[in-house]
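K.L.:
Each residue of the sequence shown is one higher than the one before, starting from 5 at the first, in the working numbering.
Think of the CB as a built atom: it goes at the ideal place given N, C-alpha and C, for glycine as much as any other residue.
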Amino acid sequence: MILLTGATGGLGTLVAERLADREDVVLGTRAPERVRGPLPVRHLDFDLPDTLASAFAGVDVLLLVSAGYGEDDTVIARHGAAVDAAERAGVRHIVYTSLTGDGDHLPYALPHRWTERRLREGSADWTILRNGLYAELLGQLAAPAPDGRLTAPLGLGKLAAVARADLADAAVAVVREAAAHAGRSYELVGEHAVGGEDLARAYGPGVVYESEPLALARERLTASGAAPFQVPMVLGTCSAVAAGFLDRTGGDLRALLGRAPRSALDVVTGRIG
């Protein structure tokens with residue numbers, strides 16, 4: 005049996021859609037009432053360890069989608085509880101959606117690296133999917149205003165952004181044949197790095213990219229009502245892009261997909277989903 009976490013949003017939902025025709029797949033979520041689709045659902049809440057034993061019962065392969073919404077200690081506690089419970093339940097293989105290796109400069113990298121280490125030291129087989137940053141995230145960080153200005157603190161840096169749908173397809177390829185991927189870490193980034201000027205050109209005539217100082221971006225984010233931990237996460241991402249730490253392309257994505265990855269620019273501008 006395969007259990008997928010994170011089934012009520014983002015990457016987990018896309019994976020669930022792709023495995024909806026399988027009889028050996030169940031979904032784990034803290035909000036079962038929000039799930040729509042044919043797959044059976046189990047209540048699973050990383051913040052409520054008492055829900056984990058029953059959720060993992062009879063599971064052979066666990067897709068552990070990172071529960072990264074929170075401070076480092078919160079995320080580490082969630083992942084630790086999940087891995088502990090999975091091992092106690094006899095889960096044979098854990099596939100974890102981590103962060104690209106070039107993301108070590110990012111403020112939210114530590115819980116990912118902690119979880120990778122915990123899996124390597126554990127009793128279950130493991131596969132680590134080191135996901136690049138979403139093209140959809142880049143679109144949120146650098147969206148054009150009504151006057152055509154595309155303002156973001158990205159400098160001249162670029163991001164090897166990857167379509168979330170491609171990461172879902174890669175995760176599906178791994179969980180379907182988990183044993184063949186045991187002990188492997190895959191680097192899943194885009195094949196073309198994209199910067200602010202590339203985005204402006206992709207949006208078409210009348211859109212102009214203007215790099216914004218980080219200090220101004222901090223003021224804007226703080227005023228937007230973002231949670232306190234979100235501000236350094238966003239600014240740290242922009243800073244790493246601007247400094248050129250996230251522009252390395254290539255990796256293992258094409259091999260896992262068996263095809264060319266989607267264009268990040270097409271995803272950002274809505275030409276493809």
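Quick one: what does DSSP say residue 198 is sitting in, helix, strand or coil?
P.N.:
When secondary structure is reduced to three states using DSSP, residue 198 falls in the strand class.
K.L.:
Between which two residues does the beta strand (DSSP E) holding residue 33 run?
P.N.:
In the DSSP annotation of this structure, the continuous segment of the beta strand (DSSP E) that includes residue 33 starts and ends at 29-33.
K.L.:
With a cut-off of 8 Å on the beta carbons, I'd call residue 115 and residue 72 a contact; round off their distance for me.
P.N.:
7 Å
K.L.:
Answer yes or no: do residue 164 and residue 192 have a C-beta to C-beta separation smaller than 7 Å?
P.N.:
no
K.L.:
Whose CA, out of 205, 100 and 23, lies closest to the CA of residue 117?
P.N.:
If you compare the alpha carbons of 205, 100 and 23 with that of residue 117, the shortest gap goes to 100.
K.L.:
Could you pull out every residue in the same chain whose Cβ sits closer than 7 Å to the Cβ of residue 75, ignoring the five residues on either side in sequence?
P.N.:
233
K.L.:
Which runs of the beta strand (DSSP E) fall wholly inside the region 178-230 and span at least 3 residues, in chain order?
P.N.:
188-192 and 212-215
K.L.:
Based on Cα-Cα distance, which residue from 199, 83 and 55 lies nearest to residue 143?
P.N.:
Selection 199, 83 and 55 evaluated against residue 143 yields 199 as nearest (Cα-Cα).
K.L.:
Between residue 104 and the rest of its own chain, which residues show a CB-CB distance below 6 Å, the 5 nearest in sequence each way excluded?
P.N.:
134, 136 and 193
K.L.:
Kindly identify the DSSP beta-bridge partner or partners of residue 102.
P.N.:
134
K.L.:
Mind reading off the beta-carbon distance from residue 272 to residue 139? Whole number of angstroms is fine, and I expect it under 8 Å.
P.N.:
5 Å
K.L.:
Given a cut-off of 7 Å on the beta-carbon distance, is the pair residue 157 and residue 221 in contact?
P.N.:
yes
K.L.:
Count the C-beta pairs between the region 181-189 and the region 239-248 that are closer than 8 Å, then say yes if the count reaches three, no if not.
P.N.:
no
K.L.:
In terms of DSSP beta bridges, what is residue 255 paired with?
P.N.:
192
K.L.:
Run through DSSP, which three-state label would residue 155 get?
P.N.:
strand
K.L.:
For residue 160, does the three-state DSSP call read helix, strand or coil?
P.N.:
coil
K.L.:
Rounded to a whole number of angstroms, what is the C-alpha to C-alpha distance between residue 85 and residue 50?
P.N.:
In a straight line, the C-alpha of residue 85 is about 7 Å away from that of residue 50.
K.L.:
Please report the residue range of the alpha helix (DSSP H) in which residue 245 lies.
P.N.:
234-246
K.L.:
Going by C-alpha distance, which of 176, 155 and 252 is nearest residue 195?
P.N.:
252
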